[in-house]
Each structure stands twice: as C-alpha cells, then as structure tokens.
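The numbers in the numbering used here rise by one with no breaks, and the one at position 156 of the sequence shown is 410.
Yeah, the Cβ is synthetic: ideal placement off N, Cα and C, and Gly gets one too.
This one's a predicted model, so the numbers in the text were calculated from it and none came from an experiment.
In what follows, a structure is listed as structure tokens, so that the remarks can point back to it.
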Amino acid sequence: MNGVQLFLLGRTLMKIGEDALPEPPAGADRQSGSARLVLIVASDIAAHPGSAISEIVARTGLPQSQVSAAVARLKEAGSVETAPDPADRRRVLVRQAGEVSDRVAQVRATGIESALMAALGTDAPRHLPEIQAALDVLARHFLDPGPPKSAAPRETAAS
255 MNGVQLFLLG
265 RTLMKIGEDA
275 LPEPPAGADR
285 QSGSARLVLI
295 VASDIAAHPG
305 SAISEIVART
315 GLPQSQVSAA
325 VARLKEAGSV
335 ETAPDPADRR
345 RVLVRQAGEV
355 SDRVAQVRAT
365 GIESALMAAL
375 GTDAPRHLPE
385 IQAALDVLAR
395 HFLDPGPPKS
405 AAPRETAAS
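Here it is in structure tokens:
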C-alpha cells in the first residue's frame, strides 16, 4: 500500500462510518452540519476540554460557522456543555457533558455491519468477518490510548 491508497482507503472508511451512524432524531435534513463535521468537532472537544470556539476553529481548520453549528448540535444532543469564559465573558468554553446522553449512547451502540455489507455488495457475507477483524486490529493500534509510543531507533541497511 502506498500513501495515495492509504488516503483513499481512509476516505472510504470515513464514508462507511458516516453511513453507519443513526439518523439524528430531527432527521438529517433538519440538522445543520454534516455528521463528519460534528464528529471532528466532538473529537477535538474530547481531546481539548474547556476550549473556546475560536480554539476549535484553529485546531480543526473548519470555518467558525461550521464549528458553531456542530457545537449547537452536540449541545442539543446532550453531548457537550458550554459556559462563559470567566476571563472573557464574550467567549464560550465547550467541554464534554458529565454524563452520557441518550443520543451519545445510541450512536456508540450502533454497529457497523449493515454499512459494511452495503459497501461490500454481494461479497459481504464472505468477507465481513475478515474485514471486521482487520478493523478491530487497526482500532486497537490507532484508537486505544495506551502508553505513549517512544521513537524506536530505525534499523539501517548497515545494521
């Protein structure tokens, strides 16, 4: 696999992930901001609790209007809480909600099998277990926090 193939695979996996997400209670058409944008903002908030909207904008590279819309959706779903910045009352700080909302629990509990089967087409039943196992391995290595990885010395042709 080369860098281009990895990039394209990542885009394909993102699309499958989006297809696996349950519809918002009000329906996708009534919600501003795509699921992808909401997930990008939610993951940034999880990694940087107590951030101002402008800080999320700077880290994600998303326009302020899209970050604000995503925060509004997350707040409506009970996923995040906002509070005025004590240092500057004009700013709003965002953090994950203290408790998991019903919507967050629903999203987390939704499986990916049907989205994978739709993406695989007629080969789905034959390849689904292998692909799910490969995704589990990737998730274990790239998503689970674990201890920090130290840079190991690279072997050279001379060694």
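Top-ranked residue by Cα proximity to residue i, from the options
i	options	result
K329	Q318, L389, V295 and D339	V295
R344	P278, Q350 and T336	T336
P278	T376, V391 and A359	A359
G352	P340, G304, D339 and Q259	G304
V361	V258, G257 and P276	P276
V334	A363, M371, P317 and L293	L293
Beta-carbon proximity of residue i to residue j, cut-off 8 Å
i	j	result
G332	S297	no
I366	A289	no
S322	I307	yes
A324	L291	yes
R349	I299	yes
P340	V346	no
L370	A378	yes
Neighbourhood of residue i by C-beta, 8 Å cutoff - its chain only, sequence neighbours within 5 removed
i	result
L374	H381, L382 and I385
H302	E309, I310 and R313
S368	A274
L263	M255
M268	R290
Residues near residue i by beta carbon distance below 7 Å, same chain, minus five either side
i	result
A405	A caution first: A405 carries a pLDDT of 45, below 50, which makes its placement in the model unreliable, though a value can still be read off. Answer for A405: no residue qualifies.
A415	Because the chain spans 255 through 413 in this model, residue 415 falls outside it and cannot be assessed.
(request) Would you list, in sequence order, the uninterrupted beta strand (DSSP E) runs of no fewer than 3 residues that lie entirely inside the segment 288 to 343? (result) Runs of the beta strand (DSSP E) inside the segment 288 to 343: 334 to 339.
(request) Starting from the N-terminal side, write out each stretch of the alpha helix (DSSP H) that is 4 residues or longer and does not extend beyond the segment 367 to 393. (result) 367 to 374
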